[in-house]
Amino acid sequence: MTPTAQLEALVWQLVASIPAGRVATYGQIARLAGLPQQARLVGRILARLPAETRLPWHRVVNSRGEISNPNPTRQYQHLANEGVAVANHRVSLRTYQWQP
DNA sequence: TGTTTGACGGACA
DNA sequence: CTGTCCGCCAAAC
1 MTPTAQLEAL
11 VWQLVASIPA
21 GRVATYGQIA
31 RLAGLPQQAR
41 LVGRILARLP
51 AETRLPWHRV
61 VNSRGEISNP
71 NPTRQYQHLA
81 NEGVAVANHR
91 VSLRTYQWQP
């Protein structure tokens, strides 16, 4: 297994551990993975997830609580289903950010 | 092989 | 609040 594949698996594991109704930021996942400057890497990994993935990728937002996903519709729906309020295109990190 | 592009983030004006 | 600049780096071009 290549190092990058292990990293990908670690990111998957971390994202999977975000509880329903909470969110994490890309940078937060990167830090938890031991790569503090690699928020973009997390974004890339989520961007290539298959559409039918079971992973709760929708619980990952950017550092301002905004949806970075270029196709935000599904993400808004999933968050709403879990009771996460998105007001003015933003989630309140103060209220919803996951505290591991 | 060199350059550009991003589901990012923090510092600064 | 908006916008600029820089660090980061695998993939796409």
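In our numbering, the protein residues as written are 1 to 100.
Backbone N, C-alpha and C fix where the C-beta goes; we use that ideal spot for every residue, glycine too.
Cβ-based burial, residue 52 [other Cβ within 10 Å; buried from 16]: Position 52 of the first sequence holds residue 52. Residue 52 is exposed by the Cβ-count criterion.
Within the region 11-70, ranges of the alpha helix (DSSP H) (whole runs, at least 4 residues): 26-32 and 39-47
Residue 99 in three-state terms, based on DSSP: Numbered from 1 along the first sequence, position 99 holds the residue referred to as residue 99. In this structure, residue 99 counts as coil in the three-state DSSP scheme.
Alpha-carbon spacing of residue 29 relative to residue 15, whole angstroms: Translated into positions along the first sequence, residue 29 becomes position 29. Translated into positions along the first sequence, residue 15 becomes position 15. The straight-line gap from Cα to Cα measures roughly 7 Å.
Distance CB(residue 41)-CB(residue 57) smaller than 7 Å: Here the question's residue 41 lines up with position 41 in the first sequence. Here the question's residue 57 lines up with position 57 in the first sequence. No, the pair does not count as a contact, with Cβ atoms beyond the cut-off.
Residue 87 classed as buried or exposed, judged by whether at least 16 other C-beta atoms fall within 10 angstroms: Along the first sequence, one-based indexing puts residue 87 at 87. The residue is exposed, with fewer than 16 neighbouring Cβ atoms inside 10 Å.
Pairwise C-alpha distance: residue 60 and residue 79: Taking the first residue of the first sequence as 1, we reach residue 79 at position 79. Taking the first residue of the first sequence as 1, we reach residue 60 at position 60. C-alpha separation (whole angstroms): 10 Å.
Residue 10 versus residue 69 - alpha carbon distance: Counting from one through the first sequence, the residue named residue 10 turns up at place 10. Counting from one through the first sequence, the residue named residue 69 turns up at place 69. The alpha-carbon atoms of residue 10 and residue 69 are separated by roughly 21 Å.
The alpha helix (DSSP H) enclosing residue 89, as first and last residue numbers: By 1-based counting over the first sequence, the position of residue 89 is 89. Residue 89 -> no alpha helix (DSSP H), and no H or E assigned at all.
Reduced DSSP category for residue 85 - H, G, I as helix; E, B as strand; rest coil: Taking the first sequence and counting its residues from 1, one reaches residue 85 at position 85. Note: residue 85 maps to coil in three-state DSSP.
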